[in-house]
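Novice: As numbered in mature numbering (1 follows the signal peptide of the UniProt record, and there is no 0), residues -23 to -1, 1 to 175 make up the sequence shown, in order.
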Amino acid sequence: MITFNAKALTIAAALVAGTPAMAQDNSLYAEAAPDDAAFVRFVGFQDADSAVFAGRSFDLSDTASGAYIPVSSAEMTNVAAGEFQTVLRKADGTIVSIAEAARDRQTKVFLFLINATEQPLDLRLADNSATVIKSVGFGASNQRSVNPVSVSLGVFPEGSDAALGTFDVELRRGQNLSFVATDQGVALIEHSFGSVAK
């Protein structure tokens, strides 16, 4: 169970293990992902039926908002096989693409902090007693693997005690979560995968 405070922007999605190998399991797709798959998700495109990234057009009409779309890396420009990319559309229409940090251990929960704001951000315990991910700059991502646990987390500007958003999360093995920060707030996205791109 995941609950959010009123400030948080929420995107609900089904959970899935977060490694490329797991992502290619036939049980997760109507068809297996390509051997050279990269994984692209679009955040802030809820009203769009399509989007363009890395020289390729993506059909978003049947994809849950925030779900990764497996796609052959050969069909994109400057995106390597196995990469995970978040493409953000901000409120002013600006597009920001952020390459995510790698994830490689299925037994852990991976937490990602993705920053599309102009200020460095930390992911901390909500009571500000410890830092989980430190100093992620604009257009960057960092991650931390943790054990399954119930915890309250917050996204804070570096050097500030005022959270941009706080979240009560119950972390489960094989689950990956992203805290995506824009100038409009922080969204908590539970990782999921859509159909292979056509």
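C-beta atoms are modelled at their ideal positions from N, C-alpha and C, and glycine is treated no differently.
Here the structure is a predicted model, which is why all the values come from computation and not from measurement.
Apply the 10 Å Cβ neighbour rule to Q23 and answer buried if 16 or more other Cβ atoms are within range, or exposed otherwise.
Specialist: Exposed: under 16 other Cβ atoms inside 10 Å.
Novice: Once you ignore the five residues that flank A158 on each side, which residues in its own chain have a CB closer than 6 Å to its CB?
Specialist: Only N92, T94, L98, V132 meet the Cβ criterion.
Novice: Is L154 near V128, with beta carbons less than 8 Å apart?
Specialist: It is not a contact, given that the beta carbons lie outside the stated cut-off.
Novice: Between the beta-carbon of N55 and the beta-carbon of A79, is there less than 8 Å?
Specialist: No. Outside cutoff.
Novice: Would you please state the rounded distance, in angstroms, between the beta carbons of S49 and Q62? I believe it to be under 8 Å.
Specialist: Not really, about 14 Å apart at Cβ, beyond 8 Å.
Novice: Tell me the DSSP secondary structure of residue 204 in three-state form.
Specialist: Residue 204 is absent from the structure shown; the chain starts at -23 and stops at 175.
Novice: Can you tell me the Cα-Cα spacing of D13 and I46, whole angstroms?
Specialist: Cα to Cα, the separation comes out at about 13 Å.
Novice: Leaving out five residues before and five after D2 in sequence, what residues of the same chain have Cβ atoms less than 7 Å from its Cβ?
Specialist: In this prediction, D2 has a pLDDT of 40, which is less than 50 and means its spatial position is unreliable; nothing more can be read from the coordinates.
Novice: Between which two residues does the beta strand (DSSP E) carrying D12 extend?
Specialist: No beta strand (DSSP E) contains D12, which DSSP labels as neither H nor E.
Novice: Let's test the definition: count the other Cβ atoms within 10 Å of the Cβ of I(-13) and tell me whether it reaches 16, buried, or not, exposed.
Specialist: The predicted model places I(-13) with a pLDDT of 29, which falls under 50 and marks its position as unreliable; any figure quoted below should be read in that light. The residue in question, I(-13), is buried, as its Cβ has 16 or more Cβ neighbours within 10 Å.
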